[in-house]
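Quick notes on the structure that follows.
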Amino acid sequence: MEELVIRDADVVDGSGADSYRADVVVDRGRIVSIVKEAAAAGCQRPKARRELDAEGLVLSPGFIDMHAHSDLALLRDPDHSAKAAQGVTLEVIGQDGLSYAPVDDRTLGEVRRAIAGWNGPGDDVDFDWRSVGEYLDRLDRGIAVNAAYLIPQGTVRALAVGWDDREATPAELERMRRLVAEGLEQGAVGMSSGLTYTPGMYAKDAELTELCRVVAEYGGYYCPHHRSYGAGALKAYEEMVELTREADCPLHLAHATMNFGVNKGKAPELLTLLDEALAGGADITLDTYPYTPGCTTLVAQLPSWASEGGPERILERLADDDTAERIRHHMEEIGSDGSHGVPMEWETIEISGTGDPALAEYVGRTVLESARLRGESPWQVARHLLLADRLAPTILQHVGHEENVRAIMRHRVHTGGSDGILQGAKPHPRAYGTFPHYLGHYVRELGVLPLEECVAHLTSRPAARLRLPDRGLVREGYRADLVLFDPATVAAGSTFEDPRVLPTGIPYVLVDGRFVMEDGRRTDVLAGRAVRRTPH
20 MEELVIRDAD VVDGSGADSY RADVVVDRGR IVSIVKEAAA AGCQRPKARR ELDAEGLVLS
80 PGFIDMHAHS DLALLRDPDH SAKAAQGVTL EVIGQDGLSY APVDDRTLGE VRRAIAGWNG
140 PGDDVDFDWR SVGEYLDRLD RGIAVNAAYL IPQGTVRALA VGWDDREATP AELERMRRLV
200 AEGLEQGAVG MSSGLTYTPG MYAKDAELTE LCRVVAEYGG YYCPHHRSYG AGALKAYEEM
260 VELTREADCP LHLAHATMNF GVNKGKAPEL LTLLDEALAG GADITLDTYP YTPGCTTLVA
320 QLPSWASEGG PERILERLAD DDTAERIRHH MEEIGSDGSH GVPMEWETIE ISGTGDPALA
380 EYVGRTVLES ARLRGESPWQ VARHLLLADR LAPTILQHVG HEENVRAIMR HRVHTGGSDG
440 ILQGAKPHPR AYGTFPHYLG HYVRELGVLP LEECVAHLTS RPAARLRLPD RGLVREGYRA
500 DLVLFDPATV AAGSTFEDPR VLPTGIPYVL VDGRFVMEDG RRTDVLAGRA VRRTPH
């Protein structure tokens, strides 16, 4: 007898098609049968050792978070309710060009310092891996939800070239090509870049194109955080489209927003650019989070020249008064490349977390608010925080536009990605709320997307981008990564004031046919594993 039958569910199968009522049978991690309208037809109903009454609940494929920063959280936090409670059954990590494999001892220490604001310092993690394959093997020991990995181009550059702003030599470029190939052979699904973060931002287009050729050879995709989301956003999007066309590589645009005042109302221009490329045969997808503010690190706002050489060199420059004044001039008066070419608007920069608890008084306030309270300039506050906290502060950037958010999420190549940073005393609520916020706010309350269409954005579309042949749909033979939610009550619990509240209306989540959420509570099941690239 099979393990589980989910009775009388309203199945939204991930394809975008209309829902239907069915009994769904799960056994040994797979969907083994789907009996439509079993009760109404009066036919013999399937039996199993356990029966779950799903009356009033929607059964859909598990949600795929196409942009996650859980690289260390998956290892240090077996509970990981931040994602499991949302119905997320697969996260794509290794984002924005910086993560923890492939590394050697030198670059591991450098990367840990550089992205402590994203993932914490990692003092509670045993870094017993160096290669991509070893990191994936570590995930295979058991994690809350599944995870796929992107090779981080910035980490690869740090390993082969260092943190200097210069072109790679032919030998260094060849080493980077080998490192990318090895990572893909070991199971990575593609490559990411962070082209406003050091050292990845120092790569010219020709270098990126050569690496993308390798990605394409292995059937992966390129996921860039491109060179500007502000003053040069449209040009930066066009650059990525052209670069991947030249490399004949699939493109997935990370957190594809149109932010800052210069881009208010300009989402249609981005979508026209993408539609023209798609009509010409380009393979493009994108992800967004359903909120207007962004989230990153404070150090990311610095100009690239101030970040050359890595974290220790940044701290040296900030400690020097003359150099710090040059940094301020670039940030406040010119608009640095780190802040997307837009002069700093300190009233939009809210400190969301610090590494040092002694600096907690700054959390939840904008830099401008803290400056006024202290009788200092905003730059004095920002500089003090960067030095005192050794580059660890994270920030919310209140620079988005609701009309842009809605227009982009409607597009036919859109997928969902939380970009969720789980660090800090007051993280962005998207880390805990992205997927229920889509379903509750944008589907039920606003009607921006029909339910069936929204579920497709969160399930089958990302599965297709990841080239996963047995995930993303409720189909016989597919993996039983499933979520049951109440369409009348599903909602994000997290807010900007209280960002770590879990969602409502998602009572059951299964990974590999095992309940990781049951009756709205996290179980002790660790059914997640590394999801490796499917070979050609």
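Quick note on the numbering used here: the sequence shown kicks off at 20 and runs consecutively.
From the three backbone atoms N, C-alpha and C, an ideal C-beta is built for every residue, glycine too.
- Under the three-pair Cβ rule at 8 Å, the segment 396-403 counts as touching the segment 376-387.
- Residue range 413-416 is occupied by the beta strand (DSSP E) that includes glutamine 416, with no alpha helix (DSSP H) assigned at that position.
- DSSP, reduced to helix, strand and coil, places isoleucine 427 within a helical segment of the structure shown.
- Under a 10 Å Cβ-count criterion, glutamine 63 is classified as exposed, with fewer than 16 other Cβ atoms of the shown protein chains found around its own Cβ.
- Annotation: the continuous beta strand (DSSP E) that includes serine 212 extends over 209-213.
- Judged by beta-carbon spacing, serine 479 lies within the 7 Å limit of glycine 491, meaning their Cβ atoms are closer than that value.
- Contact between the segment 251-271 and the segment 135-142 is not established, with fewer than three Cβ pairs separated by less than 8 Å.
- If you draw a straight line from the Cα of aspartate 375 to the Cα of glycine 443, it is about 10 Å long.
- In this structure, glycine 280 lies away from proline 322, with their beta-carbon atoms at least 7 Å apart.
- Straight-line spacing of the CA atoms in glutamine 205 and aspartate 339 works out to 44 Å.
- Around the Cβ of methionine 20, a 10 Å sphere holds fewer than 16 other Cβ atoms; the residue is exposed.
- For glycine 313, the enclosing beta strand (DSSP E) begins and ends at 313-316.
- According to DSSP, alanine 167 shares a beta bridge with Val111.
- Between glutamate 472 and glycine 35, the C-beta gap is smaller than 7 Å, which places the two residues in contact.
- Counting along the chain, the unbroken beta strand (DSSP E) around alanine 41 starts and ends at 39-46.
- Bridge partners of serine 79 according to DSSP: Val502.
- Under the DSSP assignment, phenylalanine 454 falls in the alpha helix (DSSP H) whose first and last residues are 449-456.
- Across the set Leu272, Ile25 and Asp29, the C-alpha of Asp29 shows the shortest separation from the C-alpha of alanine 507.
- In the three-state reduction of the DSSP assignment, lysine 254 falls in the helix class, which pools H, G and I.
- Taking the CA atoms as reference points, aspartate 267 sits about 20 Å from proline 481.
- Straight across, the Cα-Cα distance linking serine 118 with isoleucine 170 is about 8 Å.
- Relative to the Cα of arginine 185, the nearest Cα in the group Ala200, Thr217 and Val199 belongs to Thr217.
- In chain order, Arg176, Ala179, Val180, Met195, Ala222 and Glu226 place their CB closer than 8 Å to the CB of alanine 187, counting only its own chain and leaving out the 5 sequence neighbours on each side.
- Our two residues, tyrosine 381 and leucine 485, have alpha carbons roughly 40 Å apart in a direct line.
- Per DSSP, methionine 195 is not a residue of any beta strand (DSSP E); the alpha helix (DSSP H) it occupies stretches across 189-204.
- Within the same chain, Thr385 and Leu387 come within 7 Å of glutamate 366 by CB-CB distance, once the 5 residues on both sides are set aside.
- Positions of the beta strand (DSSP E) runs, each at least 3 residues long and wholly inside the segment 233-292, are given as 240-244 and 270-272 in order along the chain.
- Looking at the DSSP output, valine 30 sits in a beta bridge with Tyr39 and Leu78.
- In this structure, glycine 81 sits near leucine 501, with a CB-CB distance shorter than 7 Å.
- Three or more Cβ pairs closer than 8 Å define a contact, and the segment 522-534 falls short of that threshold against the segment 460-476.
- Counting along the chain, threonine 304 sits inside the beta strand (DSSP E) bounded by residues 303-307.
- By the neighbour-count criterion, in which a residue is buried when 16 or more other Cβ atoms sit within 10 angstroms of its Cβ, isoleucine 333 is buried.
- Remark: C-beta atoms of leucine 23 and alanine 87 do not approach each other more closely than 7 Å.
- The segment 141-154 makes no contact with the segment 97-106; the number of CB pairs closer than 8 Å stays below 3.
- Fully contained in the segment 90-159 are the following alpha helix (DSSP H) runs of length 4 or more, in chain order: 92-95, 100-103, 124-133, 135-138 and 151-158.
- Residue pairing by DSSP places alanine 67 opposite Glu21 in a beta bridge.
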